[in-house]
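Visitor: Once you've had a glance at the structure underneath, I'll fire off some questions.
Residue numbers (the working numbering), protein chains in the order written: chain A, 165 to 533; chain B, 9 to 175; chain C, 245 to 352.
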């Protein structure tokens, strides 16, 4: 069986950053991804990022993606594309698919950077062609340059819903409504401001009751909500050919679960996440995590977590002396703390503290192998 | 139309606005972000080490050049110039759509909610590689609307280059 | 089929591509860009129904766009159950709306 020092599953912002960090320290790194293109969601993110200079603030996501890819090339990181990882045994044997059948390799250390899945809503007509996730629409417009429809109703006003709505406008679609079940816009006011200036109507305390149409979406029925309960008689019909759902994401933890990592429920981070310590190490001491699998945040935090996991993995393989590793990790934590501050970040910061607490508890209980 | 005039550490007062071009930083939430601070060549914007702090504008240092506008990921910075002639004002805002409005054209100007405020004239459209595809559009409008107008009704895509199958 | 839904002008994107090949969709020629997902080429041509479900025959189209949900499965070059959102276009590919589980077809 082929042996690799460090295997990273997922070539998105977290995985690439982890690979770069570890390879820089001298580790032999292999990154594997089921997609045919690397970069994860970064190449769909055509907006300028928030943060500060150290986080590439003011730079568009896809340019950051190009930079990461160039660095992986320069460092000679192996990137295997088009290979879905089917399973990982607790001992580090990795099983993955390829055009020539199932293959295996043995990894000394593993970093899981698998990302997250989009959530969806169930309503009458939610399976009609024309109803899709916001991510699907974003993939179609920004990667493949094709409009999924001309008149869109966006469900969900978190940052994903707001950003994808804006990008639909930029691609030439009309956004007929942004629908939000809660009483207030979920994402950044400045993202909402771009849509409002462009005349996009917001329906707060509303939800989609049904998508109408015989073979495809032709109209959408909204209803007003009172504390998340539909108010009869408040239905309104909006003509639209597309419904996009931006109703949150859930960490993709299947592989972590398979290789024996303990999971914990974290409401602030999108659901079940692998328990991890300050170094992104899971309860399987050879397995680290980074990015949305460790809690749904954003690309900027994913890249920092990737660097953290890459540094920690390189340290554990003996490529970075403990003192130097500690210094680097502290620096990264400083940048992460910046991103997890303020009215939007504080909740995630708190959730991370709780997860590290769970890790300490499990460790005290002697459950770490 | 809403006549809400924002207040905050990034908003210049009426006296300052009357004296000439100045930035108007409409950033009111604690987002971890500070490119505006670095963008300003005159050091007029301060966010500080706590990057969730709201940007503070030193309205004496600011000359309304608008470089910050092109760096703000939230597209939340505008410039206002009330010194451009009797009864007139120029408002600039970031613009990331195609087609760009045409310089000199008459255009419907809207407020922060996208509602019609007044008709105006496109005074200038600035593009630069350094702006990375964020254009800066300046409209000239009646001065009384300088703190209301923040956008335009986007010009419809021109079909001139598209092939009409029925033609 | 509706109008062409390709994005031909965009304020940010720099590498807008034009169709350089074609695929056959239910016997009709559709312009396509080599390497783009089959689903994107179909969407560009206004095709949004990829298959009909086995039991009730309901239409299904693109849902997740990244190969997770299986809603966009079609018969591609005689093979049913192919996820068109993650299958790259090759010149002259034969794509058919899938009824139920679809049937294997010998195209040769």
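Glycine included, each C-beta is placed from N, C-alpha and C at the ideal position.
Values in this document were obtained by computation on a predicted structure and should not be read as measured data.
8 Å is my cut-off, CB to CB: does residue 210/A come that close to chain C?
Guide: yes
Visitor: DSSP on residue 44/B, reduced to helix/strand/coil?
Guide: helix
Visitor: Just by C-beta distance, which residues in the stretch 39–65 of chain B are closer than 9 Å to chain C?
Guide: none
Visitor: Alpha carbon to alpha carbon, how far is residue 320/A from residue 305/C?
Guide: 21 Å
Visitor: Using a Cβ-Cβ cutoff of less than 6 Å, which residues in the same chain neighbour residue 349/C once the five nearest sequence positions on both sides are dropped?
Guide: 322
Visitor: Using C-beta distances below 6 Å, list every residue in its chain close to residue 95/B, excluding the 5 sequence neighbours before and after it, in chain order.
Guide: Result list for residue 95/B: 151, in chain order.
Visitor: At a CB distance below 8 Å, what residues from the stretch 375–401 of chain A approach chain C? Give them in sequence order.
Guide: 379, 380
Visitor: Report the rounded CA-to-CA distance for residue 73/B versus residue 137/B, giving the unit in angstroms.
Guide: 17 Å
Visitor: Closer than 8 Å, CB to CB, is residue 157/B near chain C or not?
Guide: no
Visitor: Let me make sure I understand the geometry here. Which of 224/A, 239/A, 217/A has the alpha-carbon closest to that of residue 194/A?
Guide: 239/A
Visitor: If you draw a straight line from the C-alpha of residue 139/B to the C-alpha of residue 56/B, how long is it?
Guide: So the alpha carbons of these two residues sit roughly 24 Å apart.
Visitor: Name the two residues that bound the continuous beta strand (DSSP E) containing residue 96/B.
Guide: 96–103
Visitor: Unbroken alpha helix (DSSP H) runs of length 4 or more, entirely within the stretch 49–117 of chain B: which are they?
Guide: 75–79
Visitor: Give, in chain order, every residue of the stretch 107–133 of chain B whose Cβ lies closer than 7 Å to some Cβ of chain A.
Guide: 118, 120, 121, 122
Visitor: If contacts are defined as beta-carbon pairs under 8 Å, then residue 474/A and residue 186/A qualify, I think. What distance do you get, rounded to the angstrom?
Guide: 4 Å
Visitor: Ordered along the chain, which non-local residues of its own chain (more than five positions away) have a Cβ less than 7 Å from that of residue 419/A?
Guide: 173, 249, 252, 276, 278
Visitor: Going by DSSP, what residue range makes up the alpha helix (DSSP H) through residue 439/A?
Guide: Careful: residue 439/A lies outside any alpha helix (DSSP H) and carries neither H nor E.
Visitor: Give the residues from the stretch 256–268 of chain C that approach chain A closer than 8 Å (Cβ to any Cβ), ordered along the chain.
Guide: 256, 257, 260, 261
Visitor: Using the Cα positions of residue 465/A and residue 127/B, report the straight-line distance between them to the nearest angstrom.
Guide: 43 Å
Visitor: Under the three-state reduction of DSSP, which class applies to residue 430/A: helix, strand or coil?
Guide: Of the three classes helix, strand and coil, the one that applies to residue 430/A here is strand, per DSSP.
Visitor: Could you tell me the boundaries of the alpha helix (DSSP H) in which residue 177/A lies?
Guide: In the DSSP assignment, residue 177/A falls within the alpha helix (DSSP H) that extends over 177–188.
Visitor: With distances taken Cα to Cα, identify the nearest neighbour of residue 288/A among 442/A, 243/A, 374/A.
Guide: 374/A
Visitor: From residue 408/A to residue 317/A, what distance separates their C-alpha atoms?
Guide: 6 Å
Visitor: On the DSSP bridge assignment, give the partners of residue 276/A in chain order.
Guide: 173/A, 453/A
Visitor: Whose C-beta lies closer than 8 Å to the C-beta of residue 476/A among residues of the same chain, with five residues either side of it excluded?
Guide: 443, 444, 445, 452, 489, 493
Visitor: I'd like to check one pair, residue 46/B with residue 217/A: are the Cβ atoms closer than 8 Å?
Guide: yes
Visitor: Any Cβ of chain C within less than 8 Å of the Cβ of residue 168/B?
Guide: Bear in mind that a pLDDT of 48 at residue 168/B, under 50, signals an unreliable position, so the model cannot answer this.
Visitor: What are the residues of the stretch 446–475 of chain A that lie near chain B, defined by any Cβ-Cβ distance shorter than 9 Å?
Guide: 464
Visitor: What's the gap between the Cα of residue 163/B and the Cα of residue 107/B?
Guide: 7 Å
Visitor: Does residue 104/B come within less than 8 Å of chain C when only Cβ atoms are used?
Guide: yes
Visitor: Can you pull out the residues from the stretch 289–303 of chain C whose beta carbon lies closer than 7 Å to at least one beta carbon of chain A?
Guide: 292, 293, 302, 303
Visitor: Can you list, in chain order, the residues of the stretch 225–250 of chain A whose Cβ is nearer than 7 Å to any Cβ on chain B?
Guide: none
Visitor: Rounding to the nearest angstrom, what Cα-Cα distance links residue 414/A and residue 342/C in this structure?
Guide: 30 Å
Visitor: Residue 346/C touches chain A at which residues, Cβ-Cβ below 8 Å?
Guide: Result: empty, since nearest Cβ-Cβ is about 17 Å, beyond 8 Å.
Visitor: Would the beta-carbon of residue 287/C fall within 8 Å of that of residue 304/A?
Guide: For residue 287/C and residue 304/A, yes; Cβs fall inside 8 Å.
Visitor: Taking beta-carbon pairs under 9 Å, can you tell me which members of the stretch 264–290 of chain A lie near chain C?
Guide: Listed by position, the residues of the stretch 264–290 of chain A near chain C (Cβ gap below 9 Å) are 281, 282, 284.
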